[in-house]
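Here's the structure, in structure tokens; my notes come after.
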Amino acid sequence: MSIRLGVCYYPEHWPEEIWRSDAQRMAALGIKQVRIGEFAWSRIEPSPGQYQWDWLDRAIQVLADAGLEVVMCTPTATPPKWLIDQHADILPVDANGRARGFGSRRHYDFSSPSYFKESQRIVTLLAQRYGRHPAITAWQVDNEYGCHHTVVSYSAAAQQGFRRWLQQRYHTIDALNQAWGTVFWSAEYRSFDEIDAPVGTVTEAHPSHRLDYRRFASDEVARYNRMQVDILRAHAPGRVMVHNFMQMFTEFDHYPVAADLDVASWDSYPLGALEELWFAPEIKARWLRTGHPDFASFNHDLYRGMSAQPFWVMEQQPGPVNWAQWNPNPLPGMVRLWSWEAFAHGAGCVSYFRWRQVPFAQEQMHAGLNTPDNRLDIGGHEAQRVAGEIQQVEQAAGALQQPHGKVALLFDYAAKWLFEIHPQGADFHYPQVAFEYYSALRSLGLDVDIVPLSAKLDGYAMIVVPPLPVLPADLAARLKASGAQVLLGPRSGSKTASLQIPANLPPGLLQEILPIRVWRVESMRPNVTEPVESGGLQGKAYHWRDLIEADDGVQVVAAFGDGHPAILQHERSHYLASVFDADFTCDYFERAALAAGLAPERLPETLRISHRGGLTFAFNYGSQSCVVPHGEHAEFIVGASPLAAQGVAIYRSRH
Amino acid sequence: MSIRLGVCYYPEHWPEEIWRSDAQRMAALGIKQVRIGEFAWSRIEPSPGQYQWDWLDRAIQVLADAGLEVVMCTPTATPPKWLIDQHADILPVDANGRARGFGSRRHYDFSSPSYFKESQRIVTLLAQRYGRHPAITAWQVDNEYGCHHTVVSYSAAAQQGFRRWLQQRYHTIDALNQAWGTVFWSAEYRSFDEIDAPVGTVTEAHPSHRLDYRRFASDEVARYNRMQVDILRAHAPGRVMVHNFMQMFTEFDHYPVAADLDVASWDSYPLGALEELWFAPEIKARWLRTGHPDFASFNHDLYRGMSAQPFWVMEQQPGPVNWAQWNPNPLPGMVRLWSWEAFAHGAGCVSYFRWRQVPFAQEQMHAGLNTPDNRLDIGGHEAQRVAGEIQQVEQAAGALQQPHGKVALLFDYAAKWLFEIHPQGADFHYPQVAFEYYSALRSLGLDVDIVPLSAKLDGYAMIVVPPLPVLPADLAARLKASGAQVLLGPRSGSKTASLQIPANLPPGLLQEILPIRVWRVESMRPNVTEPVESGGLQGKAYHWRDLIEADDGVQVVAAFGDGHPAILQHERSHYLASVFDADFTCDYFERAALAAGLAPERLPETLRISHRGGLTFAFNYGSQSCVVPHGEHAEFIVGASPLAAQGVAIYRSRH
Amino acid sequence: MSIRLGVCYYPEHWPEEIWRSDAQRMAALGIKQVRIGEFAWSRIEPSPGQYQWDWLDRAIQVLADAGLEVVMCTPTATPPKWLIDQHADILPVDANGRARGFGSRRHYDFSSPSYFKESQRIVTLLAQRYGRHPAITAWQVDNEYGCHHTVVSYSAAAQQGFRRWLQQRYHTIDALNQAWGTVFWSAEYRSFDEIDAPVGTVTEAHPSHRLDYRRFASDEVARYNRMQVDILRAHAPGRVMVHNFMQMFTEFDHYPVAADLDVASWDSYPLGALEELWFAPEIKARWLRTGHPDFASFNHDLYRGMSAQPFWVMEQQPGPVNWAQWNPNPLPGMVRLWSWEAFAHGAGCVSYFRWRQVPFAQEQMHAGLNTPDNRLDIGGHEAQRVAGEIQQVEQAAGALQQPHGKVALLFDYAAKWLFEIHPQGADFHYPQVAFEYYSALRSLGLDVDIVPLSAKLDGYAMIVVPPLPVLPADLAARLKASGAQVLLGPRSGSKTASLQIPANLPPGLLQEILPIRVWRVESMRPNVTEPVESGGLQGKAYHWRDLIEADDGVQVVAAFGDGHPAILQHERSHYLASVFDADFTCDYFERAALAAGLAPERLPETLRISHRGGLTFAFNYGSQSCVVPHGEHAEFIVGASPLAAQGVAIYRSRH
């Protein structure tokens, strides 16, 4: 399985006279594939029904002439102004009932019938024209679904769609009333037509209603994506279908969307993400110019689990971005480090965004591989170095097999929605807890597969389940059958599929493997923690406590300061009744990993280790050089130990 | 006057087959009365004009069979969906002009003529059917007026109502122009029809306009409540009329609403209130699982002053709630402590919310006396213990007389509105200052009556007046005639009834008892304090300073660091020119109490003492046991000294 | 050039029987001019077409009788209710599409054709009636343009106006598409009629689109103002035309508005401004009751640069105001200090707001020279003292010439808009950086002229340019020709006029004097700083870094900790690549001032020095007395050295 570099390119942004030189310089740099065409609708169809294909024909040809493969995109993320003026119902509607207007991007409603039809039209035309073009080896469908919170819309079309969706799910209105529990607060409905979107209510809307609306909205993304994929497959046989997902855009479930594609790709912006996501200010300062050591790899491991073919990084940050609140400059070496880290975690391609910084419009401050005055920038030089190193590595080690961890972490998008809708504690943030579990595993040097609830669990030695409120009926049995050490986060099994408390109390369906009952919960404000202790190990518990009673035979392996159980174990299943500090979590996971027969090893804070294809990859996020635990007789293909700041080492251990 | 326990119950939430067992278990626990029916409209009238009374008939009968009294509620807090679809004008309108939609509760506008009429209809039907039912001894009107900020609406109906209200108040538009001072900024009106709601203006709307709008909105609540009470009294002779007010929902004046009822009740959620109200984060952490020692009692003392009959706690927190940002678990013993504290302050009934935690909908995480799987929860066990102790106490002491303090604290809802509309200092919060004064008194062991401005003041030794901008014309004379030590907060007398500065400067009408003039004021940002000193007592002043000049004969009893008077005294009247820190306030109040002939005694921080019916009640909010100042030969009926953490002691002092 | 005091007066707020006494007392106090009439529309025209001039005739006469000059205002800041009811399109529209309603002030849209016409009507009537009145020597046009964020409106009329404005600017839609770069994200337009206001988009609208909308909105203010001025000049020959600008209302460009007037005046509220503007909480507490020592003078120096005639302070804070979040009391002496400071910086008139505190409406807590019960307040006494001192000074020194600094600071309103629209770092605040540069110069005892980009630069020894993204084509040449030391802030020259990156990279047009290239930038979050060093001088850099490469011959005179240049110098031009801490900035400016042949002198923190007409003025903002660096043999006209807290000294140095 070979690995390669790509780049994102917008020929329409530049004078045609430099296209050829661009293409040749790309090829010379070691770039193999070029993504084009997303956002180009107004150039393809400048006026209704008037098409201009010639420039695009020529652009593709120029790239092909340079030996580059092309990833063609559908341009549906940016319908042009004239189309919006024709069909105002294309616009999504916000929670205040206002249309979200033209003038940026993603100004369309997934439920709009007009837009569905117009998208079919433009995608069909594009696919008919270019589907069999020999240089075009892949198609990207749309761009970054969910960006700018565009999954959930409150349009009339969405409301109609929601009613149909409910009818399909519940069949009768009585079944819905029963499932939701609408008798509460006299919210009973007489027909599906009485049901509005759960928005603009006096106080919080019914949580089951809200959860179903989020499920519906997520399904609409998958429906829309499938429409495009079906058209493309019909006209572009054998081409790879791909979408570029975006880090932590959790408003829709990525798994079903990915299931309709060949390759899941994601857009990796380690510095922008650090600034914009949940991290505390001191963490943001700590990793200012490198990103958090576990953030990109979390996403690599997540998207690796989405498609049979190796995932891609469709957009790789090449320098400062423009869209975070603050946009620092990556340290020299980080573009190379991020690139290799992606490959270490299984990427098939790392594609930089973008070839050249564009001097106009919203993203003019977003760096590229080249400066606006067309000189190779730092990121460009580092990409060139990576291209050379790929050759070295493939010469030394051949094509790299996909990595597989011995540890699985179960990730569930719907858990995010549920805790958002029904928090019970204001700062309980599902992705953060999932990330903290992942980070603890990674700081133990363990390779992790992030997988969906439906994943095959056989072969894992350890399975970590971040707070999982709703379980598939067979999950407990599958966890048990895996033979793995299973660690379950708090609030797991706490809800039924229609967001009710299970009749047998939480953890509901998990009682099959953990005969305990959560008879009470409490959430704790940020300035409150509870001490926790486990066999001499001291820590602090945050956010949440499940108060638990257990059947005989369940062991209390950690306890809170007031005596309530903090972690309970039954056979190979462990239930964590709270969220613990990083050290305590790491220590407990280390014990579990040892029990699972793994060989965890505490890494220095700035060092991360991954394994792929018989090779070990080491990455130093720190500002000091750092010793790599490579064992004796290791054969270094790239780098060395001690590993310099921002350094990458790739080696084969000899035992 | 006997005291008793009650519970809130929703038969419509549960299978009919468990109703009887529920009723029997309630009775066995010591519960005497059961509140039902609020929120049941969609079950009573599932479709327009189609009534289903049978289930409700049976539910009442089941409760009656178990010897329980029933508090029947009108279901008007939750009009069903079909009614909203019939009359869209029922919905309240927010400050942005958007209707606040169906899907939670309180989705009605007090000014909607449609809703007024529909409410008349459903209440009449209910009253006709059940008004004379022997088991129904009380009627609750609606539920928690004002919850979710539903008092003020900006609907067309409200606007029309406001114009009528203004016409009644001012008679001529000239009188209104004069009273408000509309010549300022060319805001003069030519007719009442030109006057809009004071919302959506470019900058702040006219404060007199805003204050009148708030008064109007408050009057609308009273008007609506009176409509229901009138219907109920006509059909349910001799039954107790009650509404369950909610802690610190100050958007309407509770006194006139209570005046139309027989019993004022309130819903006591000490932990939810602590988390959601003005308290600083460290205070919220300090009393996380007990609530603030003075908060529930502040409300008890407030609602005791609203009706001739003893107030009730209609809903008593039985465990964690679901609606605060964070929802901790009450410490064991707190449900009992809160229950006894209510009785100590004069409650006739403490009714727990709710019998059993419901596993669905918005409040599924709200604890009950029973867990969702129907086992008696901690709160249930504590309620049972209280039921037994009630018998002990009544055997030992007979029926308890209502408590009366020697100290009155004057509370005024309109003061809250006025300071909100016209703050002059962003963090000046009327209920907070009133509470701090109350807390200082309570930490001196003093029993306090919280009373309205119209209260009879004779017999009080000390009267504390939190910042009171607008005075009734006769208040100064009544304060003087009381013979009490009178302590007046800053900004008292600072405005006329139409929100102007009094012609003789503040404190306006209070100059009758305090011949001083506030010639200037200043507000201070939170990171600024001023030193204050009074006879060796040092403190800090916050928020606000009235700068004052005084006639001869007025004593300056405390001064700021820059020499301005901080407290002035004339005869028995004291004017506090600022808000002081807790210690200074407490010390000064102690001096005043001594001057008033009272016997203040500084209590430990966690201990509170109350007196009722010849008994002393002591409550320990702390985590350490604590000595109760019971004097010699006290006869303990419940508990002992030292008093355990979360302990209750009830004793008769023998002198 | 004589200097004098004025006052703002609202005869319509007071009973006519006290007008005469008011006028006489004003005159006795030393007041020379009285501003009246703004906000009086509803009294002039109480109903459509029904005029009441008599009261205004009499009010003017009463003032004239007392020997007072009158500044008459047009009343257009507050159209009356009946006018709004006639023409709903007068109301401005907010970013959510809601009309901003009647009920406060400035409820009009600069683009409304109805309001333009109605304004013409009322201004013409007023001008016809009073234009030649001998007592009326000046006309104020409207009041505080831009107050309450009223420059930018999203009405249909504004949208139409914007399209016309674009057509005039770009002529063809292709030119606009090219200038903005609309090919990005398929935002290409086919005609000007397709262009909406840049609001309500899914994510950020196109920055060039936004910048042009801001320019358009600013131009609309100038257009509206010019309409009124033209009418007034036609009917009021020889009268002074003035508008009262407001401190840091930067939403429109003040220079073109001022260019149509005779006198630029501003409204000086040092305490309100400190509380409401960008200052950190500890700075707000530090200067709580004095204001920041450089804030009023910054504005004096700014408005001095706007008109040939001496600027006025049209409204001078006379005590606490009502409109800041917190409103402290100025220390005794501050009203006098602020008044003299205005004169020291070139004011022709200082006019207090207001004669008497009004007891009603929105501003009832705003102090005046008199208390609401009509006694002379502190501010009144201090004004009286200033009136006397003016006589002393003018006797001793004659009429004072306008001050001129040797240092120019270039100020540009459009820079504020650009950085707001296109921040790249969330807390980069143009006025703050400009103010910090100014403050550094002032703490060196230097007199500063704040001037527009178009100013004549000859004669300055030092020119300081806060971050200036867009330059006029000739600025670099003019800077060079001035012969001054030129200090340029970061991000200068970073954009073209249509908000693109210059083809030759930043600093674009400045490369003529500074042959450097900013090849990359980074913004830094508030908890990150970078060390900086310059010849032994250590400091910290904040917010931003321009990473720069330089041609040979450019000197690196300061460097960041990681080696990147922090300040570069070429000949007399210095480029500051970041924002530095106050000490470092001050030290570097001191070096540059010395190189420029000036005599900077570090002043104590609380002392400020200004020069006018051969006199030196010293102001002590501190609470301790402080030595004034007056040299030997200075002749004190007012005050002395050491200078008392809040003291003013005026002296002639004898060398």
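Protein chains in written order, with full-length UniProt numbering: chain A, 1 to 655; chain B, 1 to 655; chain C, 1 to 655.
Cβ atoms here follow ideal geometry from the backbone N, Cα and C, with glycine treated the same way.
Exposed or buried, S439(C), counting other C-beta atoms within 10 Å across all chains shown (16 or more means buried)?
-> Taking the first residue of the third sequence as 1, we reach residue 439(C) at position 439. The residue is buried, with at least 16 neighbouring Cβ atoms inside 10 Å.
Tell me, please, whether the CB atom of D159(C) is closer than 8 Å to any CB atom in chain A?
-> Residue mapping note: residue 159(C) aligns to position 159 of the third sequence, counting from 1. In the sequence under discussion, the amino acid at residue 159(C) is Gln, which differs from the Asp named in the question. No - not a single Cβ of chain A is within 8 Å of the one on Q159(C).
Separation of A285(C) from Y575(B), as counted between CA atoms = Along the second sequence, one-based indexing puts residue 575(B) at 575. Along the third sequence, one-based indexing puts residue 285(C) at 285. Looking at the two C-alpha atoms, the distance is approximately 27 Å.
When you check each C-beta in the region 241-267 of chain A against every C-beta of chain B, which residues fall closer than 7 Å?
-> none
In whole angstroms, what is the alpha-carbon distance linking K117(A) and G238(A)?
-> As a working mapping, residue 117(A) is identified with position 117 in the first sequence. As a working mapping, residue 238(A) is identified with position 238 in the first sequence. When rounded, the distance between both Cα atoms is 25 Å.
Measure from the C-beta of E522(A) to each C-beta in chain B and report whether the shortest distance is under 8 Å.
-> Position 522 of the first sequence holds residue 522(A). Output row for E522(A): interface = yes.
Taking Cβ positions only, does T371(A) come closer than 8 Å to chain C?
-> On the first sequence, residue 371(A) is found 371 positions in, with the first residue counted as 1. Chain C, which has a Cβ nearer than 8 Å to the Cβ of T371(A), makes this yes.
Quick one: does the C-beta of R652(A) sit closer than 7 Å to a heavy atom of the ligand GDP?
-> Only the bare structure without any ligand can be found here, which leaves the ligand GDP out of the picture.
Just the Cα atoms here: how many angstroms apart are W165(B) and Y154(B)?
-> Here the question's residue 165(B) lines up with position 165 in the second sequence. Here the question's residue 154(B) lines up with position 154 in the second sequence. Whole-angstrom Cα-Cα distance: 15 Å.
First through last residue of the beta strand (DSSP E) which encompasses I637(A) | For the purposes of this step, residue 637(A) is taken as the residue at position 637 of the first sequence. Taken as a continuous stretch (DSSP letters only), the beta strand (DSSP E) holding I637(A) covers E635 to V638.
Cβ of L337(B) within 8 Å of any chain A Cβ = In the second sequence, the residue the question calls residue 337(B) occupies position 337. Cβ-Cβ to chain A under 8 Å: no for L337(B).
Going straight from the alpha carbon of residue 690(B) to that of E436(A), what length do you get?
-> This structure leaves residue 690(B) out entirely; chain B is present only between 1 and 655.
Find the nearest neighbour of D262(B) within the set L643(B), A308(B) and C626(B), judged by alpha-carbon distance.
-> Start at 1 with the first residue of the second sequence, and residue 262(B) comes out as number 262. Among L643(B), A308(B) and C626(B), the Cα nearest to that of D262(B) belongs to A308(B).
Spatial neighbours of R654(A) in its chain, beta-carbon cut-off 7 Å, leaving aside the 5 residues before and after = What you label residue 654(A) is simply residue 654 of the first sequence in a count that begins at 1. Correct list, in chain order: H633, A634 and E635.
Proximal residues of chain B, C-beta to C-beta of R190(A) below 7 Å | In the first sequence, residue 190(A) corresponds to position 190, counting from 1. Going along chain B in sequence order, the residues near R190(A) (Cβ under 7 Å) are S47 and W82.
Listed in chain order, which residues of the region 192-217 of chain A have Cβ atoms closer than 8 Å to some Cβ of chain B?
-> E194, D196, P198, V199, G200, T201, V202, T203, E204, A205, H206, P207, S208 and H209
Three-way DSSP call (helix, strand, coil) for P256(C) in this model | Taking the first residue of the third sequence as position 1, residue 256(C) is located at position 256. Residue state, collapsed to three classes: helix.
If you follow the beta strand (DSSP E) that S191(B) is part of, which residue opens it and which one closes it?
-> For the purposes of this step, residue 191(B) is identified with residue 191 of the second sequence, where counting begins at 1. No beta strand (DSSP E) holds S191(B); DSSP gives it neither H nor E.
Could you check which residue in P642(A), F619(A), A175(A) and A644(A) has the C-alpha nearest to that of D294(A)?
-> Taking the first residue of the first sequence as position 1, residue 294(A) is located at position 294. Checked all of P642(A), F619(A), A175(A) and A644(A); the closest Cα to D294(A) is F619(A).
From A66(C), W139(C), F102(C) and I516(C), residue whose alpha carbon lies closest to that of P75(C) = Position 75 of the third sequence, counted from the first residue, corresponds to residue 75(C). Out of A66(C), W139(C), F102(C) and I516(C), W139(C) has the C-alpha closest to the C-alpha of P75(C).
Just the chain C side, please: which residues come within less than 9 Å of N329(A) by C-beta, in chain order?
-> The residue labelled residue 329(A) in the question sits at position 329 within the first sequence. Within 9 Å Cβ-Cβ: R520, V521, E522, R545 and L547.
Whole-Å CB distance - L91(A) paired with D109(A), under 8 Å assumed = Stepping through the first sequence from its first residue, residue 91(A) is reached at position 91. Stepping through the first sequence from its first residue, residue 109(A) is reached at position 109. The Cβ separation is near 7 Å, so the contact holds.
Out of S523(B), R304(B), R356(B) and L271(B), state which residue places its alpha-carbon closest to the alpha-carbon of A541(B).
-> For the purposes of this step, residue 541(B) is taken as residue 541 along the second sequence, with counting starting at 1. Nearest of S523(B), R304(B), R356(B) and L271(B) to A541(B), Cα basis: S523(B).
Ends of the alpha helix (DSSP H) at F295(C)?
-> Numbered from 1 along the third sequence, position 295 holds the residue referred to as residue 295(C). Where F295(C) is concerned, the enclosing alpha helix (DSSP H) stretches over F295 to R304.
Counting pairs of Cβ atoms below 8 Å between the region 326-346 of chain B and the region 421-436 of chain A, do you hit three or more?
-> yes
Measure the Cβ-Cβ separation of A367(A) and R491(C) and say whether it is below 8 Å.
-> The residue given as residue 367(A) occupies position 367 in the first sequence. The residue given as residue 491(C) occupies position 491 in the third sequence. No, these two residues do not count as a Cβ contact at 8 Å.
Under three-state DSSP, which class holds H366(B)?
-> Numbered from its first residue, the second sequence carries residue 366(B) at position 366. Note: H366(B) maps to coil in three-state DSSP.
Tell me whether G101(B) sits in a helix, a strand or coil according to DSSP, three-state version.
-> Mapped onto the second sequence, residue 101(B) falls at position 101. It is a strand residue.
Please list, in chain order, all residues of the same chain as A66(C) whose beta carbon is under 7 Å from its beta carbon, the five residues on each side excluded.
-> The residue labelled residue 66(C) in the question sits at position 66 within the third sequence. These residues qualify, in order along the chain: A23, Q24, M26 and A27.
Contact with chain C by F102(A), beta-carbon distance below 8 Å | The residue labelled residue 102(A) in the question sits at position 102 within the first sequence. Cβ-Cβ to chain C under 8 Å: yes for F102(A).
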